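Undergrad: The following block contains the structure, expressed as structure tokens.
Residue numbers (the working numbering), protein chains in the order written: chain A, 453 to 782; chain B, 453 to 782.
Next comes the structure, spelled out in structure tokens:
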């Protein structure tokens, strides 16, 4: 427990499939520590929490603190955590058996705990210290390997009836095509993600160059950036080449950009947010991407909508987790 | 003022472009009066309120009540009412000059007043006594002349940053086509409405039969129902003929159904509601329409979503307005 007169200190942890970010903040919001670690692979939440709290204790020791001195801990996961059951579900990168993880955390820490989805916490981070500071109605869309979203409505995170709100990757913006798919399942990508996510852009580019090879090959900056091999092409190369004006890249980006812009417009007419924050690796790729999204979404929108890039990058989730720990209980 | 010991009585009024519905309820929710009147045309809100309160006084006199005895009045309008300015905007059927309508109401009534958009109040009505009784997270979509929507999130109406939330008619479900439109404007129909509303279905059917006439004519139950003339065809005829299995009608309804189903799916993955309520004249057309919407939306959805028809029909707005008057102040 912190002593009277001593500033309260909070920890925020953003658990990712490959990396885990730790953030420690003081009571007035100053960041005391921000560190990234490789996420340890554990097949069950029990041993995972042992690892997580071991790392946290070690990091805190570096600033002369102990876990028990924290006034609250927030943890974000790449999946859905039900407020009632406390189980992590829909987390392909952490395929744990269904188990209430709260008692497992209680083994290491007795104070305030806040658990949530990583995109929800990234939005709280952006609202606290990033692009959405002071806003009450914010839609955040993250475009990375997949597409996720989170909503702050009336100043509160909105999570839906089953904590499944924000599945923007499943939005339909091309019904003429999407109607011929199999029934949707939460195991696979949604139709928007399949086109507009980093994975979608990568798949699209590889297919295009594979076909071009059959036709005798082609030249594109994309191939140069990828080191010549079609199988090495990645969304990053397409985005960078588009930024440089490469024609193949601009053509390949047309559909992903148009679909994401249409989805942003659909969500914005429904929610009338003050701000749409675009996060994730794809959205962070540069000025070309943001400019295209703004122009294309603007054409669909009957009222102006402010679209801004996220500012905290891969620290947003951990910073938001600390913010949540400071303000919210279970 | 009601005297001590006497049950509180509330009025709810749903002002429409052509008809206005009046509802009077007792404090425990019993409906004492439900009456419809032709909406009087007035070019400014001042004279309109004089008419409205004259009608209300007359109706109340029939049950031995006066306006001043009401414990609250809720009024719904087919447009947007800003909570801060009190002006009615985006109301094509009531094109009044921008003027705060609250002082105009105060000339006739000094008690609690609640003003809102008609779709928001219809949703409150359905939540109080209709399809969404007791729910906390509900999306209502009304399909009539146009398409509107309203949201109850965390048990409260969600209105957005500028009271413009719920513009579902502007959702994009067919980006491949919609990208070639002019920039969207709030004056015209949105792209979803243009296809899936009653007006969209009517226009589509008329265009199809006009072309069929050039080809030498065709037979369809739609023409029979419309009395033979292409210009007389209305969405109602298409819906009834589709209900009866008419091939032309089933074909004409394919795109409107698919677009609305895709929009419902997009909104539902974003909001994860407990229930989607479908209201409005088109949605009330019969079992065929609901069955198709459920099947088509279900194919797009990664989790099951309950879709139900509205139950209160054209009384939902007035009933919801009375509910709002009973619970909420300005």
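The C-beta atom is built at its ideal place from N, Cα and C for all residues, glycine as well. Model, not experiment: these values are computed from the prediction.
1) Comparing alpha-carbon positions, which option in 528(A), 550(A), 710(A) and 628(A) lies nearest residue 744(A)?
2) Cα separation between residue 735(A) and residue 687(B)?
3) Within 8 Å, do at least three Cβ pairs link the segment 474-494 of chain B to the segment 458-465 of chain B?
4) Is DSSP giving residue 529(A) helix, strand or coil here?
5) Would you please verify whether the beta carbon of residue 781(A) is less than 8 Å from any beta carbon of chain B?
6) Taking 7 Å as the cut-off, does the CB of residue 614(B) come closer than this to any heavy atom belonging to the ligand PLP?
7) Is there a C-beta anywhere in chain A that falls below 8 Å from the one on residue 624(B)?
8) Express the C-alpha separation of residue 751(B) and residue 562(A) in angstroms, rounding to a whole number.
9) Does any C-beta atom of chain A lie closer than 8 Å to the C-beta of residue 678(B)?
10) Name the residues in the segment 710-740 of chain B whose C-beta lies less than 7 Å from a C-beta of chain A; which are they?
11) Using a Cβ-Cβ cut-off of 6 Å (strictly less than) and excluding sequence neighbours within five positions of residue 737(A), which residues of its own chain qualify?
12) Mind checking residue 610(B): buried by the 16 CB within 10 Å criterion, or exposed?
13) Within the 8 Å Cβ cut-off, does residue 760(A) reach chain B?
14) Under 8 Å, with one C-beta from each stretch per pair, do the segment 644-662 of chain A and the segment 689-706 of chain A reach the 3-pair mark?
15) Does DSSP put residue 571(A) in a helix, in a strand, or in coil?
16) Name the two residues that bound the continuous alpha helix (DSSP H) containing residue 716(A).
17) Who are the near neighbours of residue 689(B) in its chain, counting only those whose CB is closer than 7 Å to its CB and skipping five residues on each side?
18) Mapping DSSP to helix, strand and coil, what is residue 471(A)?
19) Once you ignore the five residues that flank residue 514(A) on each side, which residues in its own chain have a CB closer than 6 Å to its CB?
20) List the residues of chain A that residue 605(B) touches, going by C-beta distances under 7 Å, in chain order.
21) Identify the continuous alpha helix (DSSP H) that holds residue 741(A) and give its terminal residues.
22) Residues in the same chain with beta-carbon distance under 8 Å from residue 554(B), minus the five sequence neighbours each way, listed in chain order, please.
23) Can you tell which of 639(B), 597(B) and 671(B) has its C-alpha closest to the C-alpha of residue 645(B)?
24) Listed from N- to C-terminal order along the chain, which residues in the segment 636-662 of chain A have their beta-carbon within a distance smaller than 7 Å of any beta-carbon of chain B?
25) Using 8 Å as the limit for Cβ to Cβ distance, is residue 559(B) near chain A?
26) Could you check the C-alpha separation between residue 456(A) and residue 517(A) for me, to the nearest Å?
27) Output yes or no for whether 8 Å exceeds the beta carbon distance between residue 595(B) and residue 624(A).
28) Going along chain A in order, which residues have a C-beta closer than 9 Å to the C-beta of residue 618(B)?
29) Going by Cα to Cα distance, which pick from 731(A), 683(A), 550(A) and 779(A) is closest to residue 575(A)?
30) Roughly how far, in whole angstroms, is the beta-carbon of residue 573(B) from the beta-carbon of residue 528(B), given that I think they are within contact range, below 8 Å?
31) Should residue 758(B) and residue 727(B) be called a contact, given that it needs their Cβ atoms to be closer than 8 Å?
32) What separation, rounded to the nearest whole angstrom, lies between the Cα atoms of residue 454(A) and residue 618(A)?
33) Provide the residue(s) that pair with residue 609(B) in DSSP beta bridges, ordered along the chain.
34) Please classify residue 544(A): is it buried, with 16 or more other beta-carbons within 10 angstroms of its beta-carbon, or exposed?
35) Residues in the same chain with beta-carbon distance under 7 Å from residue 693(B), minus the five sequence neighbours each way, listed in chain order, please.
36) Given residue 621(A), which residues of its chain have a CB within under 6 Å of its CB, disregarding the five upstream and five downstream residues?
TA: According to the structure shown:
1) 710(A)
2) Spanning the two alpha carbons is a distance of roughly 43 Å.
3) With a cut-off of 8 Å, the segment 474-494 of chain B and the segment 458-465 of chain B count as touching, because enough Cβ pairs lie within range.
4) strand
5) Confidence at residue 781(A) is low in this model, with a pLDDT of 38, below 50, so the placement of that residue should be treated as unreliable; the coordinate-derived value is given next. Taking Cβ atoms only, chain B never reaches closer than 8 Å to residue 781(A), which makes this a no.
6) Of the ligands one can find in the structure shown there are none, so the ligand PLP has no counterpart to examine.
7) True, the Cβ-Cβ gap to chain A drops below 8 Å.
8) Using only the alpha carbons, I get a separation of about 45 Å.
9) Residue 678(B) is outside the set of residues whose beta carbon lies under 8 Å from a beta carbon in chain A.
10) 710, 711, 714, 717, 718, 719, 721, 722, 723, 724, 725 and 726
11) 691
12) buried
13) Using a CB distance cut-off of 8 Å, residue 760(A) does not count as an interface residue toward chain B.
14) yes
15) helix
16) Residues 699-723.
17) Hits under 7 Å: 674, 677 and 678.
18) strand
19) none
20) 605 and 610
21) 739-752
22) Only 538, 565, 567 and 782 meet the Cβ criterion.
23) 597(B)
24) 636, 637, 638 and 642
25) no
26) Interpretation of residue 456(A) is limited by its pLDDT of 43, a score under 50 that renders its predicted location unreliable; the figure taken from the coordinates is listed afterwards. Answer to the nearest angstrom: the Cα atoms are 16 Å apart.
27) no
28) Within chain A, the residues near residue 618(B) are 721, 722, 723 and 724.
29) 731(A)
30) 4 Å
31) yes
32) Interpretation of residue 454(A) is limited by its pLDDT of 42, a score under 50 that renders its predicted location unreliable; no figure is taken from the coordinates.
33) Residue 609(B) pairs with 604(B).
34) exposed
35) Once the five neighbours on either side are set aside, the close Cβ partners of residue 693(B) are 672, 673, 674, 677 and 701.
36) 598, 599, 642, 644 and 645
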